[in-house]
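This note's numbering applies: residue 4 is where the sequence shown begins, and numbers increase by one. Backbone N, C-alpha and C fix where the C-beta goes; we use that ideal spot for every residue, glycine too. Data first, discussion second: the structure below is written as structure tokens.
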Amino acid sequence: MTQYLTALWRNLNCSAAGDRAASSMAIGISDERIAWIAPQADLPAFERAPEFAEYDGAGAWVTPGLVECHTHLVFGGNRADEFGRRLAGASYEEIARAGGGIVSTVNATRAASEDALFAAAAGRLRCLIAEGVTAVEIKSGYGLDTQTEAKMLRVARRLGRELPVSVYTTFLGAHALPAEYRGRPDEYIELVCTDMLPTLAEQGLVDAVDAFCENIAFSVAQCERVFETAARLGLPVKLHAEQLSNIGATQLATRYGALSTDHLEHALEADVAAMRRAGTVAVLLPAAYYCLRETQPPPIDLFRRHGVPMAISTDCNPGTAPAVSPLLTMNMACTLFGLSIDEALLAYTRHAAQALGKSDLHGTLEAGRYADFVLWDVDSLAELVCWLGASPCRAVIRHGRIVHEAPGMRETGS
Ligand code: NIG
Ligand code: FE
């Protein structure tokens, strides 16, 4: 193995998320993957090969790279004006029904060039990477026609090629009803199922399929048609479920073996039990809850009692969650929803990777996983979650290479 070794990380207080033992560990990297993790004291003797490199973590804490499992990162324009309208008392539903909300971002996204969408999304994605994100899910859903949905997904794929982060794409054609289909939601769903999704899947742009199942969006029957199409195409599904009300979204998603159901403020015990049976991850989006000033948190105790894994994500989008800080989002999950620090760290690593169906590649520090990890300048992992507005991130390593470094942190040798 020595000749393939490209980096040796030493003097690390290595802890998998949730593991509080702080012992000095070293991580061996081979071919972009973790080859081994060993106590520093037991380091095997290495021959000096040209590709051999050594990096001294100088007592930093290390966690797996953070995994963002729910974002709407690619969009045109912004909706800062809605923030003001909501402060003045308008609700998300009222703004949406008045032609604002998702539909206004659809207009801006249709009008934007592919390069402009890329540049704006790249800026947001760099913020995520700078706080330790090494894998991100990006949804379409602001195009709502085949051409613009394809444009969004091509931008997402390009982000994955040009920035140091793994990108997984999700088709969210059933996000909102476009204005040209007003009063004809079933016809729009027909277009999604017979044209949009098959065309985009054929172009290799779709890793998973999502929908917004809600009174202000699509019914259970309409989302089921989308899921039937996904199943025929062999694509996994997930669902925006039980965010504003309970219309049976989670029950539908679990019948289709969904990877995750997301939001879940209005989920009931029967929903949580169905998630457990289906192996569905609960994705919590506290930034949206916070921005909408919701008052009913998701049923965290039920997830715990039924053993449903919880993931957390920013939900980065221009309306309900203009959020690009995983650490602040973790803090919100703890402060607003009552997660423990260990639950929050697991939720942003292991369980987020599970929500993407990518546990074999991301989310844990284990031999065989991608060598994606973050060095943190903290005395304990609790500090990752307790600070508001500061990032103790010292370095982000993706596929064994440093992709982000805080100024002046790098030390070499021992
Ligand atoms: O996850 N709930 C639907 N979709 C987004 C909101 C998107 C928007 O308002 O632009 C969400 O909160
Ligand atoms: Fe969302």
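V70 sits in a strand when the DSSP states are folded into three classes.
Three or more pairs of CB atoms, one per stretch, sit closer than 8 Å, so the region 210-225 contacts the region 248-259. Between the ligand NIG and the CB of Q299, the shortest heavy atom gap is not smaller than 7 Å. Residue pairing by DSSP places H266 opposite A244 in a beta bridge. When secondary structure is reduced to three states using DSSP, R187 falls in the coil class, being assigned neither helix nor strand.
If you look at Y171, you'll find it in the beta strand (DSSP E) that goes S169 to A177.
In this structure, the beta-carbon distance from E140 to L203 does not fall below 8 Å. If you look at L287, you'll find it in the beta strand (DSSP E) that goes V284 to L287. Of the heavy atoms belonging to the ligand FE, none sits nearer than 7 Å to the Cβ of H269.
A29 has its CB no nearer than 7 Å to any heavy atom of the ligand NIG. The C-alpha of R280 lies about 19 Å from the C-alpha of H266. Distances between the C-beta of T253 and the heavy atoms of the ligand NIG are all 7 Å or more. For L378, the pairing in a beta bridge is given by DSSP as V65 and A398. For H365, the shortest C-beta to heavy atom distance toward the ligand NIG is 7 Å or greater. Per the Cβ contact rule, the region 334-346 is not in contact with the region 366-375 (fewer than 3 Cβ pairs under 8 Å). Within 7 Å of the C-beta of N218 there is not a single heavy atom belonging to the ligand FE. A Cβ-Cβ separation of about 7 Å places V168 in contact with R401 under the 8 Å criterion. At least 8 Å separates the beta-carbon of P289 from that of E268. Distances between the C-beta of D318 and the heavy atoms of the ligand NIG include at least one below 7 Å.
In the three-state DSSP reduction, V229 falls in the helix class (H, G or I). With 16 or more neighbouring CB atoms inside 10 Å of its own CB, A314 falls in the buried class.
Collapsing the DSSP output to three states places A38 in a strand. In this structure, Q225 has its beta carbon at no less than 7 Å from each heavy atom of the ligand NIG. Residue state for A252 is assigned as helix, using DSSP reduced to three classes.
Across the set L175, R113, R100 and G186, the C-alpha of L175 shows the shortest separation from the C-alpha of C196.
Judged by DSSP in its simplified three-state form, I405 adopts strand. Setting aside the 5 residues that flank it on each side, S143 is surrounded in the same chain by E152, M155, L156, F174 and L175, each with a C-beta closer than 6 Å to its C-beta; the list follows chain order. A direct Cα-to-Cα measurement between G260 and G104 gives close to 30 Å. Contact between the region 60-75 and the region 348-367 is present, with at least three C-beta pairs closer than 8 Å.
Residue environment analysis places G79 among the buried positions, since at least 16 neighbouring C-beta atoms fall within 10 angstroms of its C-beta. With 16 or more other CB atoms across the displayed protein chains lying within 10 angstroms of its CB, R397 is buried.
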